[in-house]
Structures are given as structure tokens and as C-alpha cells.
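Take a look at the structure below.
Protein chains: 2
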Amino acid sequence: MARPRTAARTVEHPDLSDVSLQQVLEALVDPVRRGLVLQLSRAGEDKSCGTFDAPVSPSTLTHHFNVLREAGVIRQYYQGTAKMNTLRADEMERRFPGLLSSVMTAATRSAAGVA
Amino acid sequence: MARPRTAARTVEHPDLSDVSLQQVLEALVDPVRRGLVLQLSRAGEDKSCGTFDAPVSPSTLTHHFNVLREAGVIRQYYQGTAKMNTLRADEMERRFPGLLSSVMTAATRSAAGVA
DNA sequence: GCCCGGCTTCGATGGTGGTCGTACTATCGA
DNA sequence: TCGATAGTACGACCACCATCGAAGCCGGGC
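Protein chains in written order, with our numbering: chain E, 41 to 155; chain C, 41 to 155.
Written as C-alpha cells, this is what we have:
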């Protein structure tokens with residue numbers, strides 16, 4: 041059948057009002073996922089899944105991105121074969137003021153070898 | 041042997057500089073523990089373990105208090121047969137600025153039935 | 001001295017989640 | 001059309017942790 045050339049696989053994202061504190065904390069409690077968020081935060085621009093540095097296999101990486109997306113922490117979209125990732129920082133700040141930023145601040149410091 | 045009348049069982053507390061972000065997040069990710077911290081925060085004064093409202097057995101409660109103490113979130117001391125609990129809010133604020141407060145704010149809102 | 005209430009320790013158990021490899025799909029470039 | 005590259009779906013495995021009940025300890029009050 042004539043599948044349009046611009047198939048543009050889409051990705052489902054939760055409305056942040058449907059995301060619970062529990063979900064966000066569960067997403068951020070895993071050090072690998074915190075690492076991903078941190079890299080995304082530092083990059084200052086969207087990053088494709090493959091450009092992240094993480095000590096896990098590709099399939100595990102997919103799992104972590106799914107968790108982050110379902111927790112409303114990141115937004116994902118396809119760009120060719122690549123799946124791009126963006127932080128939903130502003131929305132998160134509105135939904136859970138200070139939460140993501142304080143975690144990222146603390147994560148940055150520990151990543152800097154301060155402790 | 042002549043054990044002093046003021047035996048005063050003591051409790052070990054970590055220096056907050058020895059506490060990692062990971063530990064704190066793991067402590068706060070459990071809803072029961074968040075509930076305990078929230079009740080302590082609201083009380084405005086020290087509370088003994090037995091005065092908390094939690095849907096778990098006494099032995100499990102002990103476990104949760106241990107986790108919170110080892111994560112530096114609370115301070116504990118004996119007062120007769122009771123074990124009292126205090127929030128180490130100020131210290132936590134210095135070690136992880138905004139973290140505990142943002143989690144508590146969010147927890148308060150969800151507890152208020154906002155979502 | 002004795003008991004009771006408050007909390008702890010211990011061991012067992014069950015569920016959940018992070019991990020992987022394999023096989024698969026989708027897109028792009030030659 | 002054929003690879004090659006990017007990421008996914010699935011199933012299995014394993015470790016960890018929240019949970020409990022039973023038994024015990026400790027301090028206070030009678």
C-alpha cells in the first residue's frame with residue numbers, strides 16, 4: 041500500500057499534568073538515566089540516542105530513554121534513522137518547580153569529582 | 041558492670057558531605073519514606089517513630105527510618121523508650137540546594153489531591 | 001522485680017526493574 | 001535494489017529491596 045514517503049514515525053509523549061512525582065523520581069534515581077539527562081542538559085542542543093555516552097548496551101539504552109520520555113523528562117522525535125532527544129526542562133520546571141534543576145545541579149557537582 | 045543510669049543509646053549519623061545524591065534520591069523515591077518526611081516536615085516538631093502514619097508493619101517502619109537516617113535526611117535520638125526524629129532540612133539544603141524542598145513541595149501538592 | 005510498650009533484629013519471600021543478546025524494522029546512500 | 005546504520009521489541013535472567021512475622025532487647029512505671 042502507498043505508505044507516504046514522509047512516514048515520519050511519531051512518538052507518544054505524556055502531558056506533564058499526567059506525570060506523577062513518583063514517576064519523575066523513579067526516572068531520575070537511576071544513575072545511567074541521570075547521566076543521559078546531564079549530557080543532554082550540557083549539550084545545549086538536541087542529541088540523537090547514539091551520541092550518548094553510557095555504560096550499557098543499545099537495547100538497555102532504548103529502555104532508559106523510554107523511561108525518561110514516559111516520565112516527561114525528555115521529548116523524542118525521529119530525524120531520518122536517528123532518534124533525537126530534547127529536555128523538557130521548562131515544562132518540568134512548571135510542573136515540579138526546582139526539582140529537575142536541583143537534581144542536575146547536584147549531579148553536575150558530583151560528576152565534577154567534588155564528592 | 042556499672043552501666044551509667046543515663047545509658048542514652050546513641051545513633052550514628054553520617055556527615056552530609058559523605059552522603060551522595062544517589063543515596064538521597066534512593067531514600068526519597070519510596071513513597072512510604074516520602075510520606076514520613078512529609079509528616080515530619082508538617083509537624084514542625086520532633087516526632088517519635090510510633091506517631092507516624094504509614095501503611096506498613098513496625099519492622100518495615102524501622103527499615104525506612106534507617107534508610108532516611110543513613111541518607112542524612114533525618115536525625116534520630118532516643119528519649120526514653122521512644123526514638124525521636126528530626127529533619128536535617130537546613131543541612132540538606134546546604135548539601136543539595138533545593139532538592140529536599142522541591143520534592144516536599146511536589147509531595148505536598150500531590151498529597152493534597154491536586155493530581 | 002515484673003511487666004508492658006516501643007522499637008529492633010533476623011530470616012524468608014515476592015515483586016520489580018536493569019541488564020543483555022538476538023532478531024527485527026526503518027531509513028538513507030550508493 | 002542492496003547494504004549499512006540507527007534504533008526497537010522481546011524474552012530471559014538476576015540482583016536488589018520492600019515487606020512481613022516472630023522473637024528479642026531496652027527503658028520506664030508500678
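All residues carry an ideal CB built from backbone N, CA and C; glycine is no exception. The structure displayed is predicted, hence computed values, not measured ones.
Those residues which DSSP pairs with residue i across a bridge
| i | result |
| --- | --- |
| M124(C) | S88(C) and Y117(C) |
Buried versus exposed call for residue i [16 or more other C-beta atoms within 10 Å across all chains shown]
| i | result |
| --- | --- |
| A152(C) | exposed |
| G120(E) | exposed |
| T46(C) | Here T46(C) scores only 46 on pLDDT, less than 50, and its place in the model should not be relied on; the value that follows carries that caveat. So T46(C) ends up on the exposed side. |
| S97(C) | exposed |
| G200(E) | With chain E running from 41 to 155 in the structure shown, residue 200(E) is simply not present. |
| V59(E) | buried |
| R109(E) | buried |
| F136(E) | buried |
| R128(E) | buried |
| S142(E) | buried |
| V51(E) | exposed |
Proximity test, Cβ basis, 9 Å: residue i and chain C
| i | result |
| --- | --- |
| G84(E) | no |
| E110(E) | no |
| Q116(E) | no |
| E131(E) | no |
| L127(E) | no |
| G153(E) | no |
Cutoff 9 Å: residue i Cβ touching any chain E Cβ
| i | result |
| --- | --- |
| S81(C) | no |
| F136(C) | yes |
| P95(C) | no |
| A146(C) | yes |
| R43(C) | Residue confidence is low: R43(C) scores 41 on pLDDT, short of 50, so the model does not pin down where it sits. Its coordinate-derived value is still stated next. It does not; no Cβ of chain E falls within 9 Å. |
| S141(C) | yes |
| E66(C) | yes |
| S150(C) | yes |
Contact set for residue i: own chain, Cβ-Cβ below 6 Å, skip 5 residues either direction
| i | result |
| --- | --- |
| M124(C) | D86, S88 and Y117 |
| A147(C) | R74 and L78 |
| F92(E) | L76 and Q79 |
Closer than 7 Å at the beta carbon, the chain C residues around residue i
| i | result |
| --- | --- |
| L78(E) | Going along chain C, no residue has its Cβ under 7 Å from L78(E), so there is no contact; the nearest lies around 11 Å. |
| S99(E) | Residues of chain C passing the Cβ test: none, with the nearest at roughly 24 Å. |
Residue i: contacting residues in chain E (beta-carbon distance under 8 Å)
| i | result |
| --- | --- |
| P71(C) | Q62 |
Chain-order list of residues whose beta-carbon lies under 8 Å from that of residue i (same chain, five-residue window excluded)
| i | result |
| --- | --- |
| M132(E) | L56, V64, G112, V113, L139 and L140 |
| T102(C) | C89 |
| R49(E) | Y118 |
| I130(E) | The sequence given here places Asp at residue 130(E); Ile does not occur at that position. Contacts found: none. |
Own chain, CB closer than 7 Å to residue i, minus 5 neighbours either side, in chain order
| i | result |
| --- | --- |
| A67(C) | R73, V107, L108, A111 and V113 |
| A81(C) | In the sequence as displayed, the identity of residue 81(C) is Ser instead of Ala. Same-chain partners within the cutoff: L127 and M144. |
| V69(E) | none |
| T100(E) | none |
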